[in-house]
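Accompanying notes for the structure given below.
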Amino acid sequence: MRYHIPPPTVGGINEPQECPYCRRTFSCYYSLKRHFQDKHERSDTMYVCEFCQRRYRTKNSLTTHKSLQHRGSSGMLKRLLKSAALAHANH
Ligand SMILES: [Zn+2]
Ligand SMILES: [Zn+2]
Numbered sequence: 001m002r003y004h005i006p007p008p009t010v011g012g013i014n015e016p017q018e019c020p021y022c023r024r025t026f027s028c029y030y031s032l033k034r035h036f037q038d039k040h041e042r043s044d045t046m047y048v049c050e051f052c053q054r055r056y057r058t059k060n061s062l063t064t065h066k067s068l069q070h071r072g073s074s075g076m077l078k079r080l081l082k083s084a085a086l087a088h089a090n091h
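Residue numbering for the sequence shown follows the UniProt record's numbering, starting at 1 and increasing by one per position.
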């Protein structure tokens, strides 16, 4: 079964929100969203980094990880080649 994050209540994103899956209430939509990603989304989907196979619960964390750790495969390859060339030059 696929979970979908519920839309904010008619009162707006700053009104208290109730999680339809476990009936907990949250002070605002952002708290609900955070709870939802933490408690309900994790059982459904895992995002796996194609470069190092680390697993992330949210697409956002994976994107952050990739932008910090890899910055694109070609960039990583260039860095590897450059450090190999430098190591070679030092000897
Ligand atoms: Zn919940
Ligand atoms: Zn990675």
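Here a beta-carbon is modelled for each residue, glycine too, at the ideal position from N, C-alpha and C.
Practice problem: Quick one: using the 10 Å Cβ neighbour count with 16 as the cut-off for buried, is K66 buried or exposed? | Solution: buried
Exercise. Using beta-carbon positions only, say whether C52 and Q69 come within less than 9 Å of one another.
Key: yes
Quiz prompt | Rounded separation between V48 and H40 - CA only | solution = 18 Å
Exercise. Please work out which residues of its chain come closer than 8 Å, Cβ to Cβ, to T58, disregarding the five sequence neighbours upstream and downstream, and give them in chain order.
Key: Q37, E41 and Y47
Practice problem: May I have the straight-line CA-CA distance separating G11 from S61, to the nearest angstrom? | Solution: 29 Å
Self-check item: C-beta contact flag for I5 and Y30 at 9 Å
Solution: no
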